[in-house]
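Remarks on the structure that follows.
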Amino acid sequence: MTAASATATATELYPAVNLLAARLRDDVSFSPATCADLDRSEAFPAAAVALLDRLGVPAHYVPQRLGGAWRDHDELVHLVRQLAGRDLTVAVAHAKTFLGAVSVWLANDAGQCGRLATDVLAGVPVAWGLTEPGCGSDLWATGMAAEPVPDGYRLTGVKQPVNNATRGALMCVLARTGTGRGPRDLSLLLLDKRRLAPGSYACLPKALTHGIRGADISGLALTAATVGHDALVGAPGDGLEIVLRALQLTRVACAGLSLGAADHALRLVLEYARDRVLYERRLLDLPHVRRTLGGLCARALLVECTTLLAARSAHTLSGELSLVSAVAKAFVPTVVDELVAGAAELLGARAFLTDVYAHGAFAKLERDHRVVAIFDGNTAVNRQAVLNQLPALARGWSGRNADHDAVRRAAMLGTPLPPIGALSQRSRAGCSVVQALPTAVTELPAALRPLGAALLTATERVQAEIDAHPTLARDVPAESFELVERYEWCFAGAAAVHLWLANHERRREAWWHEAAWLRGALALVLERLDAPAPGAGQALDELARLLAATGAASVLPVMDLGGEPS
Amino acid sequence: MTTAKPSRAKELDQLLGDPWRPGAPLSHQAVLRADERAEMCAEGERLLDDFGLNAEFVPARYGGRLVRLDDLIDVMRAVFRRDPALGLGYGVSSFIAGVNVWAAGRTEQCQAIAGLLLAGNRVASAYHELAHGNDFARVELAATPSGPAGLRLTGRKEVITNAARAAALVVLARTDPAPGSRSLSQLIVDRAAAPPATLVELPRYASTGMRGVPLGGLEFHGCPVPRSAVLGAPGHGVEVALRSFQVTRTALPAMLAGVLDTGIRVAAGFAAARTLYGRTVGDLPAVRATLVDAFVDLLIADSMALVTARAIHAVPDRTSVAASATKFLVSRRLMDAMDRLSRLLGAQFYVRTGEHALFQKLLRDLAPAGFAHAARVACLMTMLPQLPLMARRDWRSGGQPPPAAVYQRGTPLPPLSFADLAVTTGGRDPLAAALAPAVDITAGADPDLHRLAVAFRAELAALTTDCAQLHPRDLGPEASPEALGLAARYATVLAATACLNVWCHEPDDRFLGDPAWVVAALHRLARSGRIAVAAGPRPLAARRAALYAELASRLAGHRTFDLADRPLPRGDS
Amino acid sequence: MTTFQARALRTWLIDRIAYYLECESALINPTRSLADYGLDSVLALTLCGDLEDRLGIRLEPTVVWDHPTVDELVAHCAGVVPADRGTV
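Residue numbers (the numbering used here), protein chains in the order written: chain A, 1 to 566; chain B, 1001 to 1573; chain C, 2001 to 2088.
Laid out in structure tokens, this is it:
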């Protein structure tokens, strides 16, 4: 097996995921040739999904208290990353069940949770029906009607496009139970197709998509489909609220898809750069190639830091997750799209031809990954969610509000986390990760202090703009979205600093030597915040050297899973 | 002098019809169906046969209609706006092969290739070997002597457009085993004359974009060709390529600008029709900004490509660096703009059906702009060794701007002289020399524009210092990223200079004569070039309303978004 | 160009090429093709500008391609430079 077909980052921090990764490593249903064939014929990756079911992966979508294995959100993210690092289509097809089920876990009705847990653990796919034709991410425009009838609700309407709409025996839908246009007129219902009257529902044809061509992106049309009261998730009128809380968890989980894609892209481009000889030199030895690769590594490290901290802060800073999840979902897929585009430029024709290099895996992942920035709330929607909370960010920064201990616990990898606490629709405290930066910078050793100070200065500039930003409900100018984007880079830089501080004393891996990964990551952050630091080029070149030496860009303690050498 | 004849582009547009109309001669639906089947669009090929598109690639002296490069670009945009696969698969590869023949071939060679093209055949340009990419010096296909008047070809050429269906091939082959710059030759291979056993077709390559284009390969097993098949003097293959490629590196990205034109049309149409949160998507200021940015990027790309293309007529021995700069900058601008528009389309971009399905095909088809016919970084590497001499000579002294006609669309230009194309500019740089006079003109015209223009003049001054000091190590493949960055910065200055001069020379044009677009263009270029002036007040935001109004009016009025502002066929007409 | 001038040009040229190739001047054999030393074809074009600057003449940009050794280059330049010039 070549390095390019091997995958994501196995680490001692998530032993349960490693068992799975080791098992998937040599299975033919995940081989690049199989994935390429399925993509070509737009066929569902049924064998891979069945294997994941046999290996008990669905347990990761069910809370531990209900007999499942979902406890630490960062572990779930890492699982998604592992799957996506092999094949993004499979990851999207399988992990979708978590998205479909999570609303039920949050609503926390004992009977409903128990029934759903039994189904999920048995491998029954669950879909999440939010989208309706022509409405995109506008949940307020939901048109599906759930008319109260004596025994429950009668539903009529269409959900489309929805992942696993056809395969999912269950679908959690948002529907209109009230007659008004207010937020309390929407409710969530868990439909069980196995119990719907024949003729009251129809699965809509699979959409032909640009990427994830094998996934079951289809729809469900309901015509007076009757469900019992037990289908209601939460109380009537709670639908939007539950969805908005569920999205906080799913958006962070989706970042795992991007991490897997980044791992995969880096492996493909590294193998190419190692083997390719041009101008009588290995591509890897050409200075401009090293610099480009270093920039790609810096992106990979920053999206990893952002996602790790977002996932772990779900437990320690639950009340801030509305903000942090929006930052992560806006930042991570966008930056990984950038990473993929940079890798494509290095690969040239090999990113374009589908049967010349690695079974066309690169071209496939490029198409596949573009969906991540679109679904589960696109980038604009997430940036708008941050914009809505700018006043809290301004207050939090000027008041130096930060739960330092919570940030520290989130950043300390491998340490136990408390259960996920109450999720709120707004973060009153702002964003502790960024607001803890001034203190964190003072804790950096002298050698890193200038870099930290530069990040702080750049962040102060962004915060000053946030401070001066007017409150806008409509007509948000493009520049406001750019401001949020710069804030995302501040968050990523701060996340990197926190992770380094909390772990550097214990970490001996090559990436941690002389804070190499932090220097490279911050070099890119500062460049993006228009505050380029001296020595940035060398810091990025060093990342490329480390990538070549270790085969993967990660702050995690990467381990070899055995099997055939990669 | 030759005068522009835009009528050919209009004629072709009329022939191909309104692509949005399902029953049109060449509808988007037909194009998408062909893409799904990974086939060339048969209707399209038939229509281009009827039009005689190949004649556009053949110089008038050999019986064709190729007189002016900017006219050819205009004609090809009509094709690329509808189907990039048709643009590449029907025509562009024949054009690339042809340019090398016109630049170096003997009269009878030119006549023979012209004859093939005018009879509706394809000619393939077979330079590429997968193992060597842009590194021509390592080409392996060997042409060894065989008898007094013959050569035998042994080796292979890979990922060649139309390899299987071309009547003739122009191949780059090694005629001398020694390393060096006189060891390669281009030669014409007549498919009909090659014994079948000596010329074997390789399986077709599948690709993620341009899916219909038949990309193939050829394996030569001692394939006999006469020595007279060599183009130009033996050993001059690289020189011929370097001279010819300034035509193609300019023309190809310029043609591909048609892709962005349609991309903007799809995205702006979506924004106008789609409602979200109770209003149209197009009402959202951020969406308007994305559309305006793409519009401005198209104007930047078109200005740079048009100016370089016209300069090839006016100063053919001074454009080798500008052509590579054009390929480098225009390709990225087009791809980035399409990428941002894809985000605007969101889920609509991701489906291959419905009224916006064309977009995902256009995005996939545009990808080769970045690597085919010289990767972007290979373009920088072509430019870099010439920059020190340019810095020492023309940048320092000011240099001589080209004739004003270069910037005046529709004015006569000298004929395209393939014989005068040169491998280097000898330190001359008329296109950059046009910066300083344009900066002077901005002084009284618009304060924002003047401030931006002055910043670009300072950028060229900084480049003059930095490039004059380049270390020899930085001029070859081992060039540092910083050195390559100088070439990229220079390309940005050249693009800004082109925009400024188009504005200066079109004072009477309702839109191009107004500073709004050029302020936005220079601001965007300054931003991507990280020139400090862009971080200041935001002239772009202030001009956006006017630019959006123009965009909306062109959308509604069915006119192109490029400099030509050309009416598009509508409905049954 | 006088014999003396040609010899000076030869020394200058060897130093210049060694500078480009980042090696000792002594390693440049004036009868060997510069391509053998790895002088890239595009880089060879730039050497032409140096020669033009030194000699105050116009040369074909491909002069180094067609006269790929030091001795051939010197001989070619000696042939095109008038006898009263070339010591610049």
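By construction, the Cβ of each residue, glycine as well, lies at the ideal position given by its N, Cα and C atoms.
- When DSSP reads this structure, Gly219(A) sits in a beta bridge with Leu204(A).
- Beta-bridge annotation (DSSP): Ser1125(B) is paired with Val1170(B).
- No Cβ-Cβ contact shorter than 9 Å links Gln1246(B) with Ser1146(B).
- In the DSSP assignment, Asn163(A) falls within the beta strand (DSSP E) that extends over Gly152 to Asn163.
- Look at the region 1192-1220 of chain B: the residues with a C-beta under 7 Å from a C-beta of chain A are Tyr1205, Ala1206, Ser1207, Thr1208 and Gly1209.
- The C-beta of Glu2024(C) comes no closer than 9 Å to any C-beta of chain B.
- Between the region 1276-1294 of chain B and the region 1336-1344 of chain B there are three or more C-beta pairs closer than 8 Å, enough to call the two in contact.
- Residue-level contact check: Arg2058(C) touches chain B, since one or more beta carbons of chain B fall below 9 Å from its beta carbon.
- Taking a contact as a CB-CB distance under 8 Å, the pair Tyr272(A) and Leu347(A) counts as one, their CB atoms being some 6 Å apart.
- The Cβ atoms of Leu1431(B) and Ala1311(B) sit closer than 9 Å to each other.
- In the assembly as shown, Arg1274(B) is a buried residue. Its beta-carbon has 16 or more other beta-carbons within 10 Å.
- Around the beta carbon of Thr179(A), fewer than 16 other beta carbons lie within 10 angstroms, which makes this residue exposed.
- Secondary structure note for His1221(B): its beta strand (DSSP E) is the uninterrupted segment Leu1215 to Pro1226.
- By DSSP's assignment, Asp192(A) forms a beta bridge with Leu170(A).
- Flagged as an interface residue toward chain C: Arg1392(B), by a C-beta distance shorter than 9 Å.
- Residues of the region 2069-2085 of chain C with a Cβ closer than 7 Å to any Cβ of chain B: none.
- Taken in chain order, the complete alpha helix (DSSP H) segments of 4 residues or longer contained in the region 308-380 of chain A are 321-347 and 361-369.
- With fewer than 16 other Cβ atoms inside 10 Å of its own Cβ, Cys2023(C) counts as exposed.
- Residue-level contact by beta carbon fails for Gly1232(B) and chain C, as no gap is shorter than 9 Å.
- The C-beta of Thr459(A) comes no closer than 9 Å to any C-beta of chain B.
- Straight-line spacing of the CA atoms in Val340(A) and Gly2038(C) works out to 34 Å.
- The DSSP-derived three-state label of Val1351(B) is strand.
- Around the beta-carbon of Gln248(A), 16 or more other beta-carbon atoms lie within 10 Å, marking it buried.
- DSSP, reduced to helix, strand and coil, places His1236(B) within a strand of the structure shown.
- Taking a C-beta distance under 9 Å as the contact criterion, Leu546(A) and Ala553(A) qualify as a contact pair.
- In the DSSP assignment, Leu1202(B) forms a beta bridge with Gly1217(B).
- Residues of the region 1126-1151 of chain B whose Cβ lies closer than 9 Å to any Cβ of chain A, in chain order: His1128, Leu1130, Ala1131, His1132, Gly1133, Asn1134, Asp1135, Ala1137 and Arg1138.
- Straight through space, the alpha carbons of Thr471(A) and Cys1379(B) are spaced by roughly 47 Å.
- Taking C-alpha positions only, Val277(A) is separated from Ala1131(B) by approximately 8 Å.
- Here His78(A) is near Leu13(A), since their CB atoms are less than 9 Å apart.
- The DSSP-derived three-state label of Glu1459(B) is helix.
- The alpha-carbon of Cys297(A) is positioned some 12 Å away from that of Ala523(A).
- Under the Cβ criterion of 9 Å, Glu1482(B) is counted among the residues facing chain A.
- Put simply, of Arg426(A), Gln435(A), Trp140(A) and Arg508(A) the residue whose alpha carbon is nearest the alpha carbon of Ala495(A) is Gln435(A).
- Nearest Cα to Asn164(A) within the set Gly294(A), Ala231(A), Arg194(A) and Cys203(A): Cys203(A).
- When the alpha-carbon of Met559(A) is set against those of Ala510(A), Leu365(A), Ser200(A) and Ala453(A), the nearest one is in Ala510(A).
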